[in-house]
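See below for the structure under consideration.
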Amino acid sequence: MILDEQGLDEETVAAGLNSLLERDITYFSGHPIASMSTIPHRLGAEVFSKTIERNAGRLYTFKGSANIEQEVIEMIGDLLYLEAPFGTTSSGGTESNILAMLAMRESKKKIKKPEVIAPKTVHSSIDKAAWILGIKLIKTGIDKEFKASIRPIEKRISKNTVGIIATAGTTYLGQIDPIEKIGKIAIENKIPMHVDAAFGGFVIPFLNDLGLGSHSFDFEVRGVTSVSIDPHKMGLAPIPVGCLLFRSKRHLKVVTMKTPYLPGASSKQSSILGTRPAASVLATWAIMKHLGRVGYREMVRECMNRTQLGQERVEDNPLLKLAIEPVMNILGIESIEVPLDTIVMEMEKRGWRMATSPLPPSLRLVVMPHVSTGAMNAFFNDLNEVSTTVPAD
Ligand code: 0PR
Numbered sequence: 001m002i003l004d005e006q007g008l009d010e011e012t013v014a015a016g017l018n019s020l021l022e023r024d025i026t027y028f029s030g031h032p033i034a035s036m037s038t039i040p041h042r043l044g045a046e047v048f049s050k051t052i053e054r055n056a057g058r059l060y061t062f063k064g065s066a067n068i069e070q071e072v073i074e075m076i077g078d079l080l081y082l083e084a085p086f087g088t089t090s091s092g093g094t095e096s097n098i099l100a101m102l103a104m105r106e107s108k109k110k111i112k113k114p115e116v117i118a119p120k121t122v123h124s125s126i127d128k129a130a131w132i133l134g135i136k137l138i139k140t141g142i143d144k145e146f147k148a149s150i151r152p153i154e155k156r157i158s159k160n161t162v163g164i165i166a167t168a169g170t171t172y173l174g175q176i177d178p179i180e181k182i183g184k185i186a187i188e189n190k191i192p193m194h195v196d197a198a199f200g201g202f203v204i205p206f207l208n209d210l211g212l213g214s215h216s217f218d219f220e221v222r223g224v225t226s227v228s229i230d231p232h233k234m235g236l237a238p239i240p241v242g243c244l245l246f247r248s249k250r251h252l253k254v255v256t257m258k259t260p261y262l263p264g265a266s267s268k269q270s271s272i273l274g275t276r277p278a279a280s281v282l283a284t285w286a287i288m289k290h291l292g293r294v295g296y297r298e299m300v301r302e303c304m305n306r307t308q309l310g311q312e313r314v315e316d317n318p319l320l321k322l323a324i325e326p327v328m329n330i331l332g333i334e335s336i337e338v339p340l341d342t343i344v345m346e347m348e349k350r351g352w353r354m355a356t357s358p359l360p361p362s363l364r365l366v367v368m369p370h371v372s373t374g375a376m377n378a379f380f381n382d383l384n385e386v387s388t389t390v391p392a393d
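In structure tokens:
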């Protein structure tokens with residue numbers, strides 16, 4: 001591909017782009033069934049497209065956007081039981097986790113060989129953060145329900161520990177670690193604790209409301225010092241937008257950089273990115289204002305209804321097995337007869353976009369709002385065919 005000397009007319013460009021984009025499998029097809037993103041809410045998409053030039057890295061110029069970012073932080077604080085939140089929006093769960101671990105390292109600056117303890121089910125962005133920040137990551141064991149075990153965490157605490165991490169809505173199974181018990185350990189040892197609720201943050205509060213769970217996972221738990229939550233997952237916002245909240249101002253302060261040549265609010269940045277879109281943050285504000293708790297609760301209810309349907313379809317097939325009773329809208333499906341790789345290959349041939357998890361070896365199904373009842377049934381009809389070695393007649 002070359003950069004043409006003479007530009008092409010708009011129609012030719014659009015036609016070329018469209019023919020290349022035909023290879024994308026969009027959420028509208030229902031086929032991506034292992035994605036944590038979804039079709040953004042219409043209102044959010046509209047706000048996004050009208051505000052694409054706003055820069056959340058230049059908050060002195062974009063003062064309105066700055067206020068709106070703060071209101072998003074406050075609304076999310078309200079959702080997560082934190083009256084006076086200190087935080088920042090980010091580009092997503094990875095950036096939020098890097099910042100949370102940076103805060104841990106910086107708030108215990110005297111420790112020269114910092115270590116963070118995390119159960120082995122944490123998302124790969126925690127490994128990435130440890131790598132970038134020069135932190136030693138100590139992975140601890142899990143129980144048979146794939147939740148963090150407590151004893152191994154306690155055992156690995158040392159004079160070098162700068163933080164403990166737990167997950168509320170694990171990537172593989174949507175499992176929730178025992179946050180309260182880990183929070184106690186954090187308090188007893190005066191260690192910061194971060195909860196990665198990138199996926200679960202917009203799910204668990206509504207599961208609790210719906211009587212589909214009773215989980216304390218956020219700032220309600222005293223030992224929790226930071227929580228990350230992604231509007232661009234179950235918050236229905238357009239990519240990219242995450243959010244990281246701290247309980248104390250001090251933790252935000254240690255991840256804030258001053259840029260002396262920029263005026264006012266622009267001189268302070270708590271994100272890793274410099275220039276970054278405000279559009280997805282503004283879209284988040286609009287979606288949260290428009291949906292309210294009732295709107296999100298209904299969305300979670302619908303996703304859980306379809307998760308239940310998936311659970312029943314797995315239970316109806318003796319050659320499939322659920323890794324755990326689903327906690328949220330994620331299903332981990334084990335295959336008893338046919339190897340997972342074969343199933344994936346066969347399902348991909350039928351148009352599905354699949355993902356597998358290593359722990360336990362299973363197919364991963366994330367029942368996002370775009371995964372309709374029709375898509376669920378079509379998926380399980382195909383899965384029934386490929387999960388057996390007996391050919392269909
Ligand atoms: N925390 C949890 C629990 C996650 O599941 C994810 C995303 C992140 C953090 C990172 O979020 P961002 O992608 O917004 O940075 N997990 C997604 C998934 O597993 C996407 C993903 C996958 C991201 C692999 C990074 C990656 O290396 O579907």
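Per the working numbering, the sequence shown starts with residue 1, numbered consecutively. For every residue, glycine included, the Cβ atom is placed at its ideal position computed from N, Cα and C. Being a predicted model, the structure only gives us computed values, none of them experimental.
Helix, strand or coil for residue i per DSSP?
i: Gly-310; result: helix
i: Arg-297; result: helix
i: Pro-205; result: helix
i: Thr-161; result: strand
i: Thr-342; result: helix
i: Val-366; result: strand
i: Leu-320; result: strand
i: Pro-152; result: helix
i: Asn-384; result: helix
i: Asn-189; result: coil
i: Ile-287; result: helix
i: Ile-176; result: strand
i: His-251; result: helix
i: Tyr-60; result: coil
i: Ala-237; result: coil
What residues match up with residue i in a beta bridge as DSSP calls it?
i: Asn-269; result: Checking the sequence, you will find Gln at residue 269 rather than Asn. DSSP, once it has assigned bridges, lists Met-257 as partnering Gln-269.
i: Phe-246; result: Phe-86, Ser-226
i: Asp-196; result: Thr-167, Ser-228
i: Ile-138; result: Ile-117
i: Leu-331; result: Leu-365
i: Thr-356; result: Leu-363
i: Gly-67; result: In the sequence under discussion, the amino acid at residue 67 is Asn, which differs from the Gly named in the question. Note: Asn-67 sits in no beta bridge, so no partner.
i: Pro-277; result: Asn-55
i: Pro-32; result: Arg-353
Check whether the Cβ atoms of residue i and residue j lie closer than 8 Å to each other.
i: Arg-410; j: Pro-152; result: Lying before the first or after the last residue shown, residue 410 is absent from the chain, which here runs from 1 to 393.
i: Ile-272; j: Glu-69; result: no
i: Met-234; j: Val-195; result: no
i: Leu-398; j: Thr-121; result: No answer is possible for residue 398: it lies beyond the span of the chain, which begins at 1 and ends at 393.
i: Pro-361; j: Glu-337; result: no
i: Thr-170; j: Pro-231; result: no
i: Gly-223; j: Met-193; result: yes
i: Ile-165; j: Val-227; result: no
i: Leu-322; j: Leu-331; result: yes
i: Met-101; j: Leu-59; result: no
i: Phe-48; j: Ala-279; result: yes
i: Ser-270; j: Thr-140; result: no
i: Ala-103; j: Val-254; result: yes
i: Ala-45; j: Pro-238; result: yes
i: Glu-154; j: Ile-176; result: no
i: Ser-216; j: Glu-180; result: yes
i: Arg-276; j: Ala-14; result: no
i: Gly-174; j: Ser-125; result: no
i: Leu-207; j: Gly-201; result: no
Would you mind working out which of the options sits nearest residue i, comparing C-alpha positions?
i: Ser-37; options: Glu-385, Met-368, Asp-382; result: Met-368
i: Phe-86; options: Ile-239, Glu-74, Thr-284; result: Glu-74
i: Leu-309; options: Glu-325, Lys-63, Leu-319; result: Glu-325
i: Val-397; options: His-290, Leu-210, Arg-247, Ile-239; result: The structure shown does not extend to residue 397, since the chain spans only 1 to 393, so no value can be given for it.
i: Asn-384; options: Glu-315, Arg-364, Arg-105, Ala-323; result: Glu-315
i: Arg-250; options: Glu-106, Asp-9, Val-72, Thr-89; result: Glu-106
i: Cys-243; options: Lys-147, Val-386, Ile-52, Leu-79; result: Leu-79
i: Thr-389; options: Pro-277, Pro-318, Arg-364; result: Pro-318
i: Val-72; options: Met-288, Leu-99, Thr-161; result: Met-288
i: Arg-313; options: Glu-10, Phe-379, Val-371; result: Phe-379
i: Tyr-172; options: Met-376, Ala-375, Leu-363, Ile-142; result: Leu-363
i: His-370; options: Ser-90, Phe-28, Lys-349, Arg-156; result: Phe-28
i: Ala-375; options: Thr-342, Arg-23, Arg-306; result: Arg-306
Decide if residue i is buried, meaning its Cβ has at least 16 other Cβ atoms within 10 Å, or exposed.
i: Met-299; result: buried
i: Lys-136; result: exposed
i: Gln-6; result: exposed
i: Pro-119; result: buried
i: Tyr-396; result: Coverage of the chain is limited to positions 1 through 393, which leaves residue 396 absent and any answer about it impossible.
i: Lys-147; result: buried
i: Ser-19; result: exposed
i: Phe-246; result: buried
i: Gly-183; result: buried
i: Ser-158; result: exposed
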